[in-house]
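The next block holds one structure in the form of structure tokens; read it before the comments.
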Amino acid sequence: MDWRLITEERLDGPTAMAYDEVAAETVAEGGPATVRLYRWTPSTVSLGYANDADIIDWEFCAANGIDVTRRATGGGAIYHDGVGEVAYSIIAPKADLPGDVTASYRQLLQPVLSAFEAAGAEVRFAPEPSEPLWQPMCYLRGLDPAHDLVGPDGRKVAGNAQHRTREAVVQHGSLTVAAKPQRHIGCFADPPVDPADFESTVTGIDVDRAALVEKLEASLAAWADADDGGWTSVERERAAELVDVKYDNDSWVRDRGDPT
């Protein structure tokens, strides 16, 4: 299997999610698997597949220039800060990964853990589950040892999620460099939690963002034996189509109606 590395791109939320779907289609058609980094520009809230759109404070997001989209993956909604987060995706053939979901997370998170280590950050899998503070918000759902990464004090530093198609697995994740509790909480409509609750369970790592990006790109490339690559013109056209009909369309973002 050929792999390509797409180094960090600045993408708006709908486009970032569209490219995950495009990369899965490419794998299904026999094209290369993909490891990629991207920067949410502007900052964006991504709803999990099953989230109710009413949990979002749409006026706050609009007033603060924050986009809203919906992921194909499950889990809770997340505020992705364009400065305080590093985002990655791995898109691979389903046949090349363990059928057990936990085992596949363990395999796909190895390069992420290696990048943290290379950057001098002490990060590990959550050792045990924890009780949720508020289920609709990803970072407050409670720790899951299958796919949540924590720092030395046990607070969450990275959340990861998967989506499986007939032929491909998409895994993407958010690595927190600087937590923004007030801004994160502000994106939600009357949540039964406050910034102090958020800070009790989530933290950023004391690592320069650019350094972490460099280490993660190198780690993903080495893990996958990937060549530097980019999107084809066909993929770019398909991504633009998906943004229009799905990831920036209220029928998907607000109502979860998938037109594809």
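Using the numbering used here, read the sequence shown as starting at 1485 and increasing by one per residue. We put the beta carbon where it would ideally sit given N, CA and C, even for glycine.
**Item:** Sheet register partners of residue 1655 (DSSP bridge)
**Value:** 1574, 1646
**Prompt:** Count the other CB atoms within 10 Å of the CB of residue 1462; is the residue buried (16 or more) or exposed (fewer)?
**Reply:** Residue 1462 is absent from the structure shown; the chain starts at 1485 and stops at 1744.
**Item:** Chain-order list of residues whose beta-carbon lies under 7 Å from that of residue 1485 (same chain, five-residue window excluded)
**Value:** 1517, 1577, 1580
**Prompt:** What are the boundary residues of the alpha helix (DSSP H) that residue 1715 is part of?
**Reply:** Taken as a continuous stretch (DSSP letters only), residue 1715 belongs to no alpha helix (DSSP H), as it is neither H nor E.
**Message:** Taking the straight line between their C-alpha atoms, what separation do you get for residue 1677 and residue 1489?
**Reply:** 39 Å
**Request:** Report yes or no: do the region 1636-1649 and the region 1604-1614 share at least 3 C-beta pairs separated by less than 8 Å?
**Result:** yes
**Prompt:** Distance, Cα to Cα, residue 1739 vs residue 1537?
**Reply:** 7 Å
**Message:** Buried or exposed, going by whether 16 or more other CB atoms sit within 10 Å of the CB of residue 1675?
**Reply:** buried
**Message:** Let me make sure I understand the geometry here. Which of 1507, 1553, 1523, 1545 has the alpha-carbon closest to that of residue 1731?
**Reply:** 1553
**Request:** To the nearest angstrom, report how far apart residue 1560 and residue 1621 are at their CA atoms.
**Result:** 5 Å
**Message:** Just to confirm the assignment: which complete beta strand (DSSP E) runs, minimum length 3, are found wholly within the region 1533-1584?
**Reply:** 1551-1554, 1562-1564, 1569-1577
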